[in-house]
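2 protein chains.
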Amino acid sequence: MTFIAVKAGFPRGILLQELEDIFGFIIELDKLKGVLRKTRPIGLQRYENSAEHSWHVCMAAIMLREYANEPVDIDRVIKMLLIHDIGEIDAGDTIVYSAETPQVKAEEEAGLRRVLGLLSEAVAQEYIDLWLEFEAGESADARYAKSIDRIPPLLHNLHGDGLSWKENAISEQRVLNLNSRIKDGSSAVWDSLESKLKDAFSKGLLS
Amino acid sequence: MTFIAVKAGFPRGILLQELEDIFGFIIELDKLKGVLRKTRPIGLQRYENSAEHSWHVCMAAIMLREYANEPVDIDRVIKMLLIHDIGEIDAGDTIVYSAETPQVKAEEEAGLRRVLGLLSEAVAQEYIDLWLEFEAGESADARYAKSIDRIPPLLHNLHGDGLSWKENAISEQRVLNLNSRIKDGSSAVWDSLESKLKDAFSKGLLS
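See below:
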């Protein structure tokens with residue numbers, strides 16, 4: 001998608017204020033680097049933050065796109081994943097196994113609206129709509145994006161002694177139940193990960 | 001851009017190996033979260049890593065796209081920025097003031113080729129080409145992406161007492177000279193940041 005540099009004809013005062021607002025937004029985003037998740041990047045002795053996670057899922061989405069169950073618009077998927085955790089700047093990260101309550105989602109939405117509120121109303125609305133679509137998980141793009149969002153934490157646990165599952169007392173059955181949603185976006189990816197999980201459980205990953 | 005799930009007709013054995021390779025690539029990417037840069041996110045008492053930086057520049061690119069000097073394909077710009085630092089997994093991060101030597105660039109390219117080499121040759125080549133385009137900085141997309149890549153570290157220094165410039169003994173003149181390349185992608189953004197820099201220097205940011 002090509003964007004023309006449409007700002008050339010705008011009055012300078014309006015432009016400068018808008019640019020200031022965007023710089024303020026970019027600065028605000030730094031806070032997502034301080035929001036800690038529940039898993040650790042493989043090989044690192046610290047918890048992952050939501051900003052680096054957001055980058056990681058974008059890369060995973062690109063490389064797995066041909067395994068999506070349905071045609072997806074990868075550029076929309078990437079934008080969804082870039083912004084999907086911004087609300088955590090205010091709401092913090094909640095492990096997915098307890099995050100799917102109306103209260104947690106309302107806090108994340110309020111946070112997203114507050115941070116995007118630093119931008120113009122039209123831009124904010126575009127990304128609020130994209131987040132709502134992601135959360136609803138009813139479009140092909142959202143189904144695929146939500147599948148992808150599960151993959152790195154699952155790999156972190158598989159390659160990191162199930163650390164976050166043990167620390168948060170998540171049973172094998174809950175792991176399998178919750179992550180089975182991956183098949184809504186990609187049954188090929190879920191088939192592969194499900195057999196890896198069952199194999200790891202049989203070898204005592206969580207015992 | 002819409003991608004059809006083209007893998008449905010492939011023999012299962014080939015699919016499974018390719019999927020394993022992609023999982024291996026996703027796992028390898030975790031290492032970029034351990035590559036430390038020279039600036040600190042605003043408000044955090046640690047150095048930034050190249051993975052979270054990659055996310056941050058994607059967000060900045062989206063929100064500043066209307067300020068690009070020339071029409072840009074924002075989806076290509078985002079992909080460039082998502083992958084632009086992957087070579088640092090092997091090469092490490094070098095502050096931009098000393099990074100632009102043939103040796104540093106060769107190390108980054110070798111790293112990129114090694115990591116992308118975990119994927120199929122066609123996919124690897126697509127992203128190597130995108131990185132080479134970014135590094136050459138001769139297309140409108142690359143000029144804009146390279147401009148954007150400078151913005152968060154500049155804001156980090158402006159809002160963080162010029163920490164990395166002081167720690168690395170970068171003079172005011174070098175800051176202005178190097179970052180003036182921002183105007184190749186967006187003269188409006190550079191006009192604004194240049195006056196912020198001069199104002200901060202006049203108030204003693206680096207003294």
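Chains as they are written, first to last, in full-length UniProt numbering: chain Z, 1 to 207; chain P, 1 to 207.
Positions of the beta carbon are idealized from the N, C-alpha and C atoms, including for glycine.
This structure is a prediction, so every number in the text was calculated from the model and none was measured.
With 16 other CB atoms within 10 Å as the buried threshold, where does residue i fall?
i: Asn157/P; result: buried
i: Ala106/Z; result: exposed
i: Asp199/Z; result: exposed
i: Phe25/P; result: buried
i: Lys146/Z; result: buried
i: Glu167/P; result: exposed
i: Ala140/P; result: buried
i: Met1/Z; result: The predicted position of Met1/Z is uncertain, since its pLDDT is 48 and thus under 50; no value can be drawn from it.
i: Ser195/Z; result: exposed
i: Arg150/P; result: buried
i: Asn179/P; result: buried
i: Pro102/Z; result: exposed
Under 9 angstroms between the Cβ atoms of residue i and residue j?
i: Ile182/P; j: Val175/P; result: no
i: Asp93/Z; j: Ser50/Z; result: yes
i: Ala122/P; j: Glu133/P; result: no
i: Leu81/Z; j: Met63/P; result: no
i: Leu205/P; j: Asp161/P; result: yes
i: Leu155/P; j: Ile86/Z; result: no
i: Gly43/P; j: Gly13/Z; result: no
i: Ala91/P; j: Ala110/P; result: yes
i: Ala76/Z; j: Leu163/Z; result: It should be pointed out that residue 76/Z corresponds to Arg in this sequence rather than to Ala. Contact flag unset, no.
i: Glu52/Z; j: Trp131/P; result: no
i: Ile148/P; j: Gly117/P; result: no
i: Ile89/Z; j: Leu36/Z; result: no
i: Leu16/Z; j: Ser192/P; result: yes
i: Tyr144/P; j: Lys79/P; result: no
i: Lys38/Z; j: Pro152/Z; result: no
Which first and last residues belong to the alpha helix (DSSP H) in which residue i is found?
i: Pro102/Z; result: Pro102 to Leu116
i: Tyr67/P; result: It is not in any alpha helix (DSSP H) - Tyr67/P carries neither H nor E in the DSSP assignment.
i: Ser187/P; result: Ser187 to Ser202
i: Gly24/Z; result: Arg12 to Leu29
i: Asp149/P; result: Ala140 to Leu158
i: Arg174/P; result: Glu172 to Asn179
i: Ala169/P; result: Run containing Ala169/P: none; DSSP gives neither H nor E here.
i: Asp129/P; result: Glu121 to Ala136
i: Ser98/P; result: Val96 to Ala99
i: Ile42/Z; result: No alpha helix (DSSP H) holds Ile42/Z; DSSP gives it neither H nor E.
i: Ile89/P; result: Glu88 to Ala91
From the DSSP output, read off the bridge partner residues of residue i.
i: Asn49/P; result: Leu36/P
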